[in-house]
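Numbering (the working numbering), first residue to last: 1098 to 1584.
The structure is reproduced here in structure tokens:
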């Protein structure tokens, strides 16, 4: 905003404007021209982060199946730490570091996988630690933590600004959070994958690569190789499995991609249409996030217990069979929860489009909050379709699509908003509702209890490390540029 008015003053020396105060509402900035410039710059940031993370995230997901989750989770957060440092420099020394330096911060964030890599690795970690019947709820808890941060973040940020008198303090707090997370994950949190499972995954890759006569490095560095896991062939697979995986991946891309892509436009729209300031926008985001937290942490576990845990326990008592949990694909509850969540998103978008006052707009946002069930359900359902040794790989493929949506999504929404903000600013909600309709169609395509049968995988034993076969496998991995340990 400040740059725009400075440029206008260069064009017209008699042009005057109210001073821009960093961290305040600055109503003089709520004009279409500034909104368009902000949307364009945010588009550039998302293109860099999304493009790089689309390449890196699938690689980290695949590597995590062979080398563990926590080290790569720490690595994924390092880029965010560097990005916060760049943002602090731009805010504290604007005469030296132009706001365009934030593009460099976006580069470092994207090159380590960004939010996409952190998300798929944390979900892989959660999948390792939970049985299929409780996996969606566990992933829901992880998402609830994210929304808790979104709910309390604006409130805490407001207090930090009030206590310190500067908005830069918020970025120092974010920097400290990144540093704490890296140390905690790397040195304190236990690894979810046993050494045995890691060795099995490495040997399995070496055998498959040797059989195909291809170098692993060529496969790893081909970003589109990630899509292969969504269309598996060979023993244990089926056409219905492939259809389910593709439908789930599309639904997940729409749910997660829209969450990341439309957020900035939603805030710009509310400020432009209803004159909301920082307080009103923060209140809207906080309440929206709190409802998602309640849905994921209270409503979702109750639904899971009533419709999945109790019936399963009753069947075990009646049959006398021991409790054995295995990946058997998405069940009926998963599918109907996904359909309900996407339906609430569609209804919320209709409300956004028709709202001409802030009260109806607010209510529409609360309806979309029920869609929080969809993100946890769809990601848990994806992991139930594949063997345990391929969870990181399949989530990496899903993360690849999420990262692409981070590129394409802002391009669509920010460009559309920039073009229509002066004529029909509700066009972004029409587009969003159409995407959710596609996701809803995918939810109706999915069939229950379809999975990839990989018989005997968990019963395999790693080869003796002194054997020549294992040494050959290890040698192939190392020669391909993959180290046997990270950090």
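Here a beta-carbon is modelled for each residue, glycine too, at the ideal position from N, C-alpha and C.
It should be emphasised that the depicted structure is a prediction, and the values quoted were computed from it without experimental measurement.
- Shown here for residue 1123: same chain residues with a beta carbon closer than 7 Å to its own, the five before and five after excluded, namely 1098, 1117 in chain order.
- When 1520, 1136, 1147, 1288 are compared, the shortest CA-CA separation from residue 1161 is found for 1288.
- Straight-line measurement puts the Cα of residue 1429 at about 58 Å from the Cα of residue 1104.
- Here residue 1481 is buried, its C-beta having at least 16 other C-beta atoms within 10 Å.
- At a cut-off of 4 residues, the continuous stretches assigned as alpha helix (DSSP H) that sit fully inside the stretch 1497-1563 are 1524-1542.
- Taking C-beta atoms as the reference points, residue 1234 and residue 1401 count as a pair closer than 8 Å.
- Within the same chain, Cβ atoms closer than 6 Å to the Cβ of residue 1207 are found at 1145, 1146, 1149, 1150, the five residues on either side in sequence being excluded.
- The stretch 1487-1494 makes no contact with the stretch 1437-1446, as fewer than three CB pairs between them are under 8 Å.
- In the three-state reduction of the DSSP assignment, residue 1127 falls in the coil class, being assigned neither a helical nor a strand state.
- Ranked by Cα distance from residue 1334, the first of 1551, 1125, 1100, 1115 is 1551.
- Between the alpha carbons of residue 1339 and residue 1327 lies a distance of about 6 Å.
- Of the candidates 1156, 1254, 1461, 1153, the residue whose Cα lies closest to the Cα of residue 1447 is 1461.
- Taken through DSSP and simplified to helix, strand or coil, residue 1450 comes out as helix.
- The C-beta of residue 1427 has 16 or more other C-beta atoms within 10 Å across all chains shown, which makes the residue buried.
- For the 8 Å CB-CB criterion, residue 1154 and residue 1497 form a contact.
- Relative to residue 1181, the option among 1115, 1454, 1252, 1274 whose CA is nearest is 1274.
- Close CB contacts of residue 1361 within its chain, under the 6 Å cut and outside five residues either way in sequence, are with 1139 (chain order).
- Non-local beta-carbon contacts of residue 1278 in its own chain, meaning distances under 7 Å to residues more than five positions away in sequence, involve 1174 in chain order.
- With respect to the 8 Å criterion, residue 1188 and residue 1285 are not classified as neighbours on the basis of their beta carbons.
- Using a 10 angstroms sphere on the CB of residue 1303, the tally of other CB atoms reaches 16 or more, which defines it as buried.
- Taken through DSSP and simplified to helix, strand or coil, residue 1322 comes out as helix.
- Proximity to residue 1544 across 1195, 1433, 1355 peaks at 1433, based on C-alpha coordinates.
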